[in-house]
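Residue numbers (my numbering): 1408 to 1986.
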């Protein structure tokens, strides 16, 4: 996946609207300056008690015109800038999803839940603020900087040079000092917030353990301590901001005094009338409102850089892009699928050892194979390679002779998975089962539930199939969750079903009952059953034992029991008593 910027492409894509927002922002402040300029002239001229209203007529019209122009341009600028940002934000969120979606099977192993929450809730929002509060105001202030200097240069080049220095303090020097100070503080606060995200998510998932252990006060104390540390850092930032803003106002005060001195001198020399003194002074005070906030905007740049770094980090060149994943290159007949792995090897990078090393595997249509081995032997990695979530470093995985990476859009039609803990969404039981096939009718859902022996249990619930699941499906036991996931698979109706230790954490009786239901309902499917232990292995056509990424032993259960002492010993340890 090619690494690309999260800023420039969106500006180029919306450059017309981007330029419009800059123009409107500049027009708003220019109108405010012109409004105060004409107001100052009008007040001064009126104080001289002119003989006719016509003497101040142009200034009066100017005040009305610039007042209306300022309000309208401000309103349209806000509409345009938010329209621009929301368009960009929409594309950013879609892009983030398209980056995360190909990594769906790897998210838990690569990121903490708090990190993902930070990406979704924090980083994208920071980039939204980058456009609204940093980039656009900074550009507008620089445009106004040039306009003010050029305008003053028409009257006096030395005076314009002095304002280059004074305004430069507000739009260049103070922002640079703010950025240097805030960089370390913002990095600390960002890291602290991410840490709090992680701790809080951890605590939510483990809230029962905290309560049962009686140590919930320990968690709360530590959490409050971390928050207090962050608050102290934020207070230091507030003190710095207060002093910086005070200094900014001093600079504005100097600008006003200098403007009073210069305009008075120019008036005395006859360059313009005395009524223009107030006009120049009030105009520069209005325009200063565009320059003062730049320091605050630029000081947040480090936050955006950190967000950009985190977003760029999730772009994995080893994984397919969303476009590559959804582009249909080839299709196969799903009625008779033969899965093959030939000389398959995989390592996450060149420095790490191979997880799979020269692994060969064949699954004929209707065949049932158990893959057994300790943790870390490559079982789960093999499943991800079969699903196209990872690409092999050597060898290939094919279905009917077509490499899996060329079948990505069709993979959900070919394989389905029953994993260790099926996720139940906070919706109705009916919708949770229908997840396997969104086009399934209610009758098809009922039929699937009956096959997995769940129909009577669902009908005993308050609203039957329309009963709302509690969050994470906590009202269902492990066995019931497994049966709901199995009903989804029946609706999905794929030729190959992958069982990734679906009985982990279940008691022996529930495990035996669930396995019996699985084998009965999936009798006509090809099965790949990944497991740590051997209960139910006798029902498989073939048992394959993985060790260090290679096949250590392979064959039917009866054959391995007779010829492999190690296999027999492991089986007896798993199942010492015939049930």
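Built from N, CA and C at the ideal position, the CB exists for glycine as well.
Here the structure is a predicted model, which means the values were calculated and not measured.
- Per DSSP, residue 1839 is one residue of the alpha helix (DSSP H) stretching across 1836 to 1841.
- Here the alpha carbon of residue 1625 sits roughly 12 Å from the alpha carbon of residue 1610.
- With contact defined as three or more Cβ pairs closer than 8 Å, the stretch 1792 to 1807 and the stretch 1951 to 1961 are not in contact.
- Rounded to the nearest whole angstrom, the C-alpha separation of residue 1919 and residue 1595 is 51 Å.
- The alpha-carbon of residue 1866 is positioned some 50 Å away from that of residue 1491.
- By the criterion of a C-beta distance shorter than 8 Å, residue 1538 is surrounded in its chain by 1488, 1491, 1492 and 1495, once the five residues flanking it on both sides are discounted.
- Secondary structure of residue 1932 (DSSP, three-state): coil.
- Annotation: the continuous alpha helix (DSSP H) that includes residue 1497 extends over 1464 to 1507.
- Scanning the stretch 1586 to 1666 from its first residue to its last, the whole alpha helix (DSSP H) runs of 4-plus residues come out as 1614 to 1620.
- Apart from sequence neighbours up to five positions away, the residues of its chain that approach residue 1834 with a beta-carbon distance below 8 Å are 1875 and 1876, ordered along the chain.
- Counting along the chain, residue 1536 sits inside the alpha helix (DSSP H) bounded by residues 1531 to 1536.
- At least 8 Å separates the beta-carbon of residue 1502 from that of residue 1581.
- Residues 1926 of the same chain have their beta carbon placed closer than 6 Å to that of residue 1946, with the five preceding and five following residues left out of the count.
- The residues 1662, 1663 and 1666, in chain order, have a CB closer than 7 Å to that of residue 1691 in the same chain once the five nearest residues on each side in sequence are set aside.
- In the structure shown, the three-state DSSP call for residue 1963 is coil.
- Between the stretch 1454 to 1474 and the stretch 1715 to 1722, the count of C-beta pairs closer than 8 Å stays below three; the two stretches do not touch.
- The beta carbon of residue 1949 is closer than 8 Å to those of 1774, 1775, 1776, 1777, 1961, 1962 and 1963 in its chain, skipping five residues each way along the sequence.
- Straight through space, the alpha carbons of residue 1683 and residue 1558 are spaced by roughly 15 Å.
- Across the structure, residue 1606 and residue 1592 are spaced so that their CA atoms are roughly 21 Å apart.
- Counted as a single uninterrupted DSSP element, the alpha helix (DSSP H) harbouring residue 1973 occupies residues 1972 to 1981.
- If you look at residue 1702, you'll find it in the alpha helix (DSSP H) that goes 1701 to 1706.
- Of all C-beta pairs linking the stretch 1812 to 1831 to the stretch 1854 to 1868, fewer than three are shorter than 8 Å, placing the two stretches out of contact.
- Beta bridge pairing from DSSP links residue 1748 with 1768 and 1804.
- Put simply, the backbone Cα of residue 1786 is about 37 Å away from that of residue 1622.
- In the displayed model, residue 1721 falls within coil according to three-state DSSP, outside both helix and strand.
- When rounded, the separation of the alpha-carbon atoms in residue 1564 and residue 1505 is 55 Å.
- Under the Cβ criterion (8 Å, minimum of three pairs), the stretch 1739 to 1759 does not count as touching the stretch 1625 to 1639.
- Rounded to the nearest angstrom, the gap between the Cα atoms of residue 1896 and residue 1791 is 18 Å.
- Using a 10 angstroms sphere on the CB of residue 1757, the tally of other CB atoms stays under 16, which defines it as exposed.
- Here residue 1428 is actually not in contact with residue 1497; their C-beta atoms are around 17 Å apart, not less than 8 Å.
- DSSP, reduced to helix, strand and coil, places residue 1436 within a helical segment of the structure shown.
- Rounded to whole angstroms, the Cβ separation of residue 1847 and residue 1898 is 5 Å, and the two are in contact under 8 Å.
- Rounded to the nearest whole angstrom, the CA to CA distance from residue 1443 to residue 1599 is 45 Å.
- Residue 1845 counts as exposed, since fewer than 16 other beta carbons sit within 10 angstroms of its beta carbon.
- In the assembly as shown, residue 1632 is an exposed residue. Its beta-carbon has fewer than 16 other beta-carbons within 10 Å.
- CA-to-CA, the gap between residue 1452 and residue 1440 works out to about 18 Å.
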